[in-house]
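Asker: Provided herewith is a single structure, encoded as structure tokens, for subsequent inquiry.
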Amino acid sequence: MPDQEPAETRREAEGPGTSRRGMLRGAAGIGAAGLAAGVLAGAVAAPAGAAVKDDDRSAAHREPLIAYVHDANTGVIDLYTGEEHIRFTDRRLAARFAQAAS
Amino acid sequence: MSSHREAPGISKDPVADSTDVYAFVSPDRPDYVTLIANYVPLQGPAGGPNFYEFGDDVVYQIHIDNNGDGTADVIYQFRFDYNVADLDTFLYNTGPIESLDSKNWNRRETYSVVRESHGKSEVLAKALLCPPCNIGPLSTPDYPALASAAVHDLAGGRKVFAGQRAEGFYVDLGSIFDLGDLRPFASAHNHFGLSKFPTNGPGVNATKNLNVHSIAIQVPITDLTDGGHKPTGVTDPKATIGVWTTASRQRARVYDTDHEIYVNSGPFVQVSRLGNPLVNEVLIPMGKKDFWNTQVPAHDKQFASYIAHPGFAELLPVLYPGVFPHLATLNASGTPRADLEAILLTGIPATIIPGFQNYTGATEADMLRLNLAIKPSKKPSIYGILGGDLAGFPNGRRVSDDVVAIELRALAGATYALIDKTYKPDAAASAVTDGLTPADLSSPYLHAFPYLGVPHSGYTASSS
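Protein chains in written order, with the working numbering: chain A, 1 to 102; chain B, 1001 to 1464.
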């Protein structure tokens, strides 16, 4: 349903004063680490089998990352960043989440 | 109504809740089409100090299908942002707002407009100002002037406006949702054995002093048609467009307590849509309403049975015993309501009404269909085509059209005779109404863009 997906994804330039989007952007760099740093290391690195350094992580992700464990039993995890959705399977990571939540 | 709080999910998300869509050839500029999508329903005008605004985390779109497949060929997209000049005051304004650049106005909303067609995007405007809400005679002393200043001219004679307006949709919500006891016919209602209404009465407009937020754009007809075609006549197969609106939100949301903000992430997904009035409100069952809001019109075949066999038509003979005997017989026959399918899902073919068609093909899709070759009416009827006025609903929809009465009458069987000449509608079918007209609005429509009336001010509406 391509017409449902808004094509315009850029952000508007800031006007004077304080806008909520500006606050969001300011928080985004921190948010990437603050909200999902633990997710990022396991989620991105584990499927590829490669390590991700902290420096690489901060450079690559200025937007917040939100992870959702869709199914802990099968290891299906949804990752949301920017206007992207990435679904992947990582049973070990899902199990770690489940363990952390228990 | 017509789509205010029409589904359980969206009723909890007012800034994304589409309430009405209008599409009509502009009466004062007949080479231009006006498209209006309303959001943020049932606003009490005094609702401060955080007055109403569009969502900066919502993507609003008006879609146009110009080849009958139920998918968009042209999209107008609107995204909003706001700025707060002084975070240390609780006030929306710190003195009279006498112009859009007033330093007394603390919280402004701006927006961008993007036109998309077949994968190509064009930024039509950005950082356009919305007007403030209409607060009262001290805060917004000349509101019509403020609103006029927020009508922005775009290239090519196009105009755009986004902001608060008086609710122009008149409806007796109180009677309709009280088990359908339409006041003009209340004595004929079955009363469920309670004998509450011995006499009939006039309708009561539930939206009389309420506001709404409108996104309105006026563009040349050729901006909307297939290949920029200028319609040659009513039967021109390229003369009819389908129109609907949507609101979309990002899939994931977390409240970040460190920064005290909501963080949204992921792709935008559709949470609200609206084409023809009352479809999701009245015809789609409770269990499907939220799902319906996520779908594109191209997929509406899955909902066609709810149009062809409307539950509301089944209710009328029960609620008004003896008043709708022919409708009761039609209901009992199980015959699909081809009239409603034509009006709401495919458009009306050329053979049904002399001099008219807005058929877009076999694809069943809930879109507001507008034949652009029909000129604006010099003597509009609020009953649109049922009133002999081919420029009104269900040929598009004008702000003044009485879509409640039109759809009530259609559901009651008034339009079934168009496709079955042997059917005789009940006498009440062409008279049923909630008893309201535009005279029941306290802020009249405008004669020019954006057509919907000056919003009610918090001060005056709360004292009237």
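Quick reminder that beta carbons are idealized off the backbone N, C-alpha and C, glycines included.
For B/H1118, count the other beta carbons within 10 Å of its own beta carbon; 16 or more makes it buried, fewer makes it exposed. Which is it?
Answerer: With fewer than 16 other Cβ atoms within 10 Å, it is exposed.
Asker: Is the Cβ of B/R1369 closer than 8 Å to any Cβ of chain A?
Answerer: Answer no: the Cβ-Cβ gap between B/R1369 and chain A never drops below 8 Å.
Asker: Give a yes or no on whether the minimum CB-CB distance between A/H70 and chain B is below 8 Å.
Answerer: It does not: the Cβ of A/H70 has no partner Cβ on chain B nearer than 8 Å.
Asker: By a C-beta neighbour count over all protein chains shown, 10 Å radius and 16 as the cutoff for buried, is B/E1122 buried or exposed?
Answerer: Exposed is the call here.
Asker: Identify which residue in B/I1284, B/S1443, B/F1449 has its Cα closest to the Cα of B/A1166.
Answerer: Closest option to B/A1166, Cα to Cα, is B/S1443.
Asker: CA-CA distance, B/F1449 and B/D1181?
Answerer: Their backbone Cα atoms lie some 36 Å apart in a straight line.
Asker: Is there a C-beta anywhere in chain B that falls below 8 Å from the one on A/I104?
Answerer: The question about residue 104 of chain A has no answer, for chain A in this structure spans 1 to 102.
Asker: Any C-beta of chain A sitting closer than 8 Å to the C-beta of B/P1014?
Answerer: Not one chain A Cβ lies under 8 Å of B/P1014.
Asker: Report the three-state DSSP secondary structure of A/I86 (helix, strand or coil).
Answerer: DSSP places A/I86 in strand when its eight states are reduced to three.
Asker: Does B/S1195 pass the burial test, meaning 16 or more other C-beta atoms within 10 Å, or should it be called exposed?
Answerer: So B/S1195 ends up on the exposed side.
Asker: Mapping DSSP to helix, strand and coil, what is B/A1304?
Answerer: Three-state DSSP puts B/A1304 in a helix.
Asker: Tell me the residue span of the beta strand (DSSP E) that contains B/L1194.
Answerer: B/L1194 -> no beta strand (DSSP E), and no H or E assigned at all.
Asker: Have a look at B/Q1043 and A/G75 and give me their C-alpha separation to the nearest angstrom.
Answerer: Whole-angstrom Cα-Cα distance: 45 Å.
Asker: Counting only Cβ pairs nearer than 8 Å, list the residues of chain B close to A/T81.
Answerer: Residues of chain B passing the Cβ test: S1265, G1266.
Asker: Quick check: B/H1110 and B/A1127, are their CB atoms within less than 8 Å of each other?
Answerer: Correcting the residue type first, residue 1110 of chain B is Thr in the shown sequence and not His. Yes, they are a contact pair.
Asker: Relative to the alpha-carbon of B/A1150, which residue among B/L1138, B/Q1164, B/S1139 has its alpha-carbon at the smallest distance?
Answerer: Here the closest residue by C-alpha is B/Q1164.
Asker: Determine the direct distance from the alpha carbon of B/V1403 to that of B/N1209, and round the result to whole angstroms.
Answerer: So the alpha carbons of these two residues sit roughly 19 Å apart.
Asker: Rounded to the nearest angstrom, how far is the Cβ of B/A1216 from that of B/V1160, given a contact under 8 Å?
Answerer: Contact flag correct, Cβ pair sits at about 7 Å.
Asker: Does B/R1005 get closer than 8 Å to chain A when you measure Cβ to Cβ?
Answerer: No, no contact with chain A.
Asker: Confirm, please, whether the CB-CB distance from B/M1367 to B/D1065 is below 8 Å.
Answerer: Contact flag set, yes.
Asker: Quick check on DSSP: helix, strand or coil for B/K1126?
Answerer: Here B/K1126 sits in strand by DSSP.
Asker: For B/Q1250, which of helix, strand or coil comes out of DSSP?
Answerer: Strand.
Asker: 8 Å is my cut-off, CB to CB: does B/R1251 come that close to chain A?
Answerer: With 8 Å as the cut-off, B/R1251 counts as an interface residue toward chain A.
Asker: Roughly how many angstroms separate the alpha carbons of A/D78 and B/S1265, rounded to a whole number?
Answerer: The straight-line gap from Cα to Cα measures roughly 12 Å.
Asker: Is the Cβ of B/V1254 closer than 8 Å to any Cβ of chain A?
Answerer: It does: the Cβ of B/V1254 has a partner Cβ on chain A nearer than 8 Å.
Asker: Quick check on B/E1314: does DSSP put it in helix, strand or coil?
Answerer: B/E1314 falls in the helix class under three-state DSSP.
Asker: Work out the CA separation of A/D90 and A/A46 for me, nearest whole Å.
Answerer: Because A/A46 sits at a pLDDT of 33, beneath the cut-off of 50, its placement in the model cannot be relied upon, and the following sentence gives the value as read from the coordinates. Each residue's Cα considered, the two are about 7 Å apart.
Asker: Ends of the alpha helix (DSSP H) at B/H1326?
Answerer: 1325-1333 is the span of the alpha helix (DSSP H), which, as asked, contains B/H1326.
Asker: Below 8 Å CB to CB, which residues in the same chain sit around B/D1256 once its five sequence neighbours on both sides are set aside?
Answerer: The answer, listed in chain order, is Y1262, V1263.
Asker: A/A100: buried (16+ other C-beta within 10 angstroms of its C-beta) or exposed?
Answerer: Exposed: under 16 other Cβ atoms inside 10 Å.
Asker: Below 8 Å between beta carbons: does that hold for B/N1205 and B/L1436?
Answerer: Contact: yes.
Asker: Using C-beta distances below 6 Å, list every residue in its chain close to B/P1438, excluding the 5 sequence neighbours before and after it, in chain order.
Answerer: Within the same chain, B/P1438 has close Cβ partners S1400.
Asker: Please return the same chain residues whose Cβ sits closer than 8 Å to the Cβ of B/P1198, not counting the five positions on each side in sequence.
Answerer: Cβ neighbours of B/P1198 beyond the five flanking positions: S1187.
Asker: Three or more C-beta pairs closer than 8 Å, one from the region 1414-1423 of chain B and one from the region 1324-1339 of chain B: is that the case here?
Answerer: Yes, the region 1414-1423 of chain B touches the region 1324-1339 of chain B.
Asker: Would you tell me roughly how many angstroms separate the C-alpha atoms of A/G26 and B/F1268, rounded to the nearest one?
Answerer: Since pLDDT at A/G26 reaches only 43, below the 50 mark, its modelled position is unreliable, and no value is offered.
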